[in-house]
Amino acid sequence: MKIATYNVNGVNGRLPVLLRWLEETKPDIVCLQELKSPYEKFPFNAIKNAGYLALWHGQKSWNGVAILSRVGEIHEVRRALPGDPEDLHSRYLEAEVNGVIIGCLYLPNGNPAPGPKFDYKLKWFKRLTAHARKLLALEVPVILVGDFNAIPTEMDCHKPESWVKDALFFPETRAAYKNLVAQGWTDAIRKLYPKEKIFTFWDYFRNAFARDAGIRIDHFLLSPQLKKRLQGGGVDKYVRGWEKTSDHAPVWIEIKEPSQKRR
DNA sequence: ATGGCTCCATACTGGAGA
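Next up, the structure:
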């Protein structure tokens, strides 16, 4: 089963790119972030015609997350991260699909840092970490996936010194990510490529993609039940080179079907 | 150090992104 994540940076403005990528790569489950669309303007019909069921959590202008599936029903678990009823940003959507709990997330950017936006980011990270601990305690297959807006280590950016004043690379952000993973999650892409520079985002500015001046901020965290089922993964980097493309590229992993029980 | 680009809203400009 192929599971992908893609920060589309506007699901309607990106629709031709999204549909072409779905058609060419046929992922089984897709997590989308930054829909930038209210609930009623999500392009449900186009996605349905491409062969996918969809569950989405929209918001006018900003944020927004969705889960698509062509391998059966999407059973919604929750559409907000617990811990702050005042937080109305559409940044989290959790559902069970084909025996796996998928937590699709769009973690706050946090710039400029320090400041209130960075405080919000750290609070959100804390809430995610608390919820993640509860998910692990279920002892079932879980994936936390999406745009974490966190550069885990120096290996995950083209030029670390140009990110030191950025909320994505602040010591607190790196510590929060490390702390979350240390609960028992597996960073799937880093596990598959322990020593390579892998990027998932390239700035629209400064000719960043042509220079391969990227960062790795879109992640898959696997619960222990899925660690052994991880078979492969990668970044569909070429999509970042298409016309009218997102500043992120799609990222995907391949998960083996669970071993059959004998009777 | 700054700005560069692209999205959205309902605008002829500004906020946000990373």
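In this text, residue positions in the first sequence follow our numbering: the first is 147, and each later residue adds one.
Cβ coordinates follow ideal geometry from the N, Cα and C atoms, glycine included.
Best match in K383, W167, V217 and G292 for proximity to D333 [C-alpha to C-alpha]
G292
F351 - containing alpha helix (DSSP H), residue span
Unbroken run through F351: none, as it is neither H nor E.
Alpha carbon to alpha carbon, how far is N295 from E232? Give it in angstroms, no decimals.
Taking the straight line joining both Cα atoms gives about 22 Å.
CA nearest to the CA of E186, picked from S207, V154, K172 and T171
S207
For D401, which beta-bridge partners are listed by DSSP?
Per the sequence shown, the amino acid found at residue 401 is Ile instead of Asp. In the DSSP output, where bridge partners are listed per residue, I401 has L376.
Which residue from D349, Q377, P189 and G330 puts its Cα closest to that of I213?
P189
Among A150, N155, T151 and I149, which residue has its Cα nearest to the Cα of Y350?
N155
In the structure shown, what three-state DSSP assignment does G387 receive?
helix
Which residue or residues does DSSP assign as beta-bridge partners of V381?
V397
Span separating the alpha-carbon of Q329 from that of S183
34 Å
Opposite Q371 in the DSSP bridges: which residues?
DSSP lists no bridge partner for Q371.
Suppose you measure from the CA of Q377 to the CA of I401; what does that come to, to the nearest Å?
6 Å
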